[in-house]
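Engineer:
In my numbering, the protein residues as written are 10 to 120.
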């Protein structure tokens, strides 16, 4: 029974980690640039997209941008602005809050 639980856990984690690669092929190869496009590269502009609020860490936005860039056939993401937004919610007399990160980025296909 314990072995069966371990096998199910392993299979589930392999399946879940592979889903992003199947849905967003090549997303791991998309580069993040924070200082603009290197002048040595020939790049074609594809889109400008904002990371949705609700992703709690900047790295979540980075991965989100990398995955979204594949939908636009882009291989480079240039972060043009990033900001943290403080939130506060009250439910059942309990306060919940924190900081959320959002960022605006340009997507390019660079050769």
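Each residue gets a CB set at the ideal place from its N, CA and C atoms; glycine is no exception.
1) Would residue 87 and residue 75 qualify as a contact pair, given that the criterion is a beta-carbon distance under 8 angstroms?
2) Measure the alpha-carbon distance for residue 58 versus residue 101 and round it to whole angstroms.
3) Please report the straight-line C-alpha distance between residue 113 and residue 72, rounded to a whole angstrom.
4) Excluding five sequence neighbours on each side, which residues of the same chain lie with their C-beta closer than 8 angstroms to the C-beta of residue 38?
5) Taking the beta carbon of residue 77 as the centre, do at least 16 other beta carbons fall within 10 Å, making it buried, or is it exposed?
6) What beta strand (DSSP E) runs, 3 residues minimum, are completely inside the region 32-67?
7) Please report the distance separating the alpha-carbon of residue 6 from that of residue 99.
8) Label residue 82 either buried or exposed according to how many other C-beta atoms from any shown protein chain fall within 10 Å of its C-beta, with 16 as the threshold for buried.
Structural biologist: The short version:
1) no
2) 35 angstroms
3) 13 angstroms
4) Cβ within range, chain order: 84.
5) Counting C-beta atoms within 10 angstroms of its own C-beta, residue 77 has 16 or more neighbours from the protein chains shown and is therefore classed as buried.
6) With a minimum length of 3 residues, the unbroken runs of beta strand (DSSP E) contained wholly in the region 32-67 fall at 40-42 and 52-59.
7) For the chain, the structure presents residues 10 to 120; residue 6 sits outside this window and is missing.
8) exposed
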